[in-house]
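Data first, discussion second: the structure below is written as structure tokens.
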Amino acid sequence: MRIVFLGPPGAGKGTQSKRLVQRLRIPHLSTGDMLRAARDAGSPVGLHAETFMAAGQLVPDPIMIQVISHRLTQPDCAQGALFDGFPRTIGQAEALDEFLAENETPLDVVLEMQVDLDELAHRMAQRARADDRPEIIRQRLKTYEERTRPLAAYYQQQQLLRTIDATGTPDEVFARIVKVLDQINPPRRGEG
Ligand code: AMP
12 MRIVFLGPPG AGKGTQSKRL VQRLRIPHLS TGDMLRAARD AGSPVGLHAE
62 TFMAAGQLVP DPIMIQVISH RLTQPDCAQG ALFDGFPRTI GQAEALDEFL
112 AENETPLDVV LEMQVDLDEL AHRMAQRARA DDRPEIIRQR LKTYEERTRP
162 LAAYYQQQQL LRTIDATGTP DEVFARIVKV LDQINPPRRG EG
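Per our numbering, the sequence shown starts with residue 12, numbered consecutively.
Spelled out as structure tokens, the structure:
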């Protein structure tokens, strides 16, 4: 399966992605993790990206499209992939669609995590990342609203969008995700 996880920072995409890739045995493509690894390794892409990340802004599309297409050509992605934090702009979504169409491996579903703003601010304040300072959190939420939220309508038009109530415990949210996925792709007999 090819799944896109959509949702504001703090919605729990990272936590749920880790569980889901274990269940589905597909690679977890977190562009945030990739950029942090590139930054920590001191690569030119990583160092360039860091200036945007530190400010709570998006890394420019051409860089992101290059990062993700490179990753997608690796053999483990042949079985499927979970996109966590990509795409974040309409331009990225169009580039992804094009890439996947060329390879005849379209997306199966887009899961949009919905959680209210107060809960988001609270969850993010409990993390310890450099880009989780209050003013940067506000910037990241604003960036989400302006640049990424429009993707819900984009995928709705393609009839790929499913919304997930992301409030409650990680177990409760995961159960909702599994239920939605089972509706699209019913488990074969004998599988959990
Ligand atoms: P994340 O861990 O997904 O919250 O990403 C952390 C930061 O990396 C974001 O705030 C952006 O600065 C950058 N980033 C990650 N993924 C993308 C993307 N698809 N497009 C642009 N910037 C991204």
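Glycine included, each C-beta is placed from N, C-alpha and C at the ideal position.
- At a Cβ-Cβ threshold of 8 angstroms, M124 and I175 count as neighbours.
- For E123, DSSP records a beta bridge to L17 and T174.
- Taking non-hydrogen atoms of the ligand AMP into account, the C-beta of F110 is found less than 7 angstroms away from none of them.
- The C-alpha of M64 lies about 20 angstroms from the C-alpha of L162.
- Selection M12, V126, E109 and A48 evaluated against C88 yields M12 as nearest (Cα-Cα).
- In this structure, G23 sits away from I147, with a CB-CB distance that is not shorter than 8 angstroms.
- With fewer than 16 other CB atoms across the displayed protein chains lying within 10 angstroms of its CB, G53 is exposed.
- Going by DSSP, S41 is part of the beta strand (DSSP E) stretching over H39 to S41.
- Three or more beta-carbon pairs drawn from the stretch 75-87 and the stretch 39-46 are found closer than 8 angstroms, and the two stretches are therefore classed as touching.
- If you draw a straight line from the Cα of D108 to the Cα of A92, it comes to about 14 angstroms.
- About 6 angstroms separates the beta carbons of R158 and R99, which is inside the 8 angstroms limit, making them a contact pair.
- Straight-line measurement puts the Cα of Q85 at about 19 angstroms from the Cα of Q33.
- Exclusion of F16 from the 7 angstroms shell around the ligand AMP follows from its C-beta lying no nearer than that to any non-hydrogen atom of the ligand.
- Residue environment: R149 is assigned as exposed (fewer than 16 neighbouring CB atoms within 10 Å of its CB, all protein chains considered).
- Distances between the C-beta of M124 and the heavy atoms of the ligand AMP are all 7 angstroms or more.
- Runs of the beta strand (DSSP E) lying entirely within the stretch 67-118, each at least 3 residues long, are 92-95 in chain order.
- DSSP, reduced to helix, strand and coil, places G57 within a helical segment of the structure shown.
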